[in-house]
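Undergrad: Quick note: the sequence shown, position 40, residue 48 per this note's numbering, numbers continuous. This structure is in structure tokens; I'll ask about it shortly.
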Amino acid sequence: MPAVTIRNLPEATHRALKARAALHGRSTEAEIRAIIESAVRPQERIKLGSELAAIGQEFGGVELEIERDKTPALTVDFK
9 MPAVTIRNLP EATHRALKAR AALHGRSTEA EIRAIIESAV RPQERIKLGS
59 ELAAIGQEFG GVELEIERDK TPALTVDFK
């Protein structure tokens, strides 16, 4: 797994990170990971499938009746 080193972090920032980590009941390293994760992958990010479904619902949606083809698949001959 990749590792990141942060140089020249002000002491006050480090103390604040430690306090925040203690408040959340985790290590400072785990807290930093959580902060970075939430910054680059926010919960409210757009999810393509959900957005496409919402657009479809705006236009009344589509009811599909799909019947599965139960015909056996042919075997492959690699000769």
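The beta-carbon is built from N, C-alpha and C at its ideal position, and this holds for glycine as well. This one's a predicted model, so the numbers in the text were calculated from it and none came from an experiment.
1. Return the CA-CA distance between Ser35 and Ala42, expressed in angstroms with no decimal places.
2. 8 Å is my cut-off, CB to CB: does Glu71 come that close to chain C?
3. Does DSSP put Val48 in a helix, a strand or coil?
4. Which of the three DSSP states, helix, strand or coil, is assigned to Arg34?
5. Could you round the C-beta distance between Glu45 and Arg28 to whole angstroms and report it? I think they count as a contact, below 8 Å.
TA: So, to answer that:
1. 11 Å
2. The question asks about chain C, but that chain is absent: this structure has only one protein chain.
3. helix
4. coil
5. Actually they are not in contact, since the Cβ atoms of Glu45 and Arg28 sit about 14 Å apart, beyond 8 Å.
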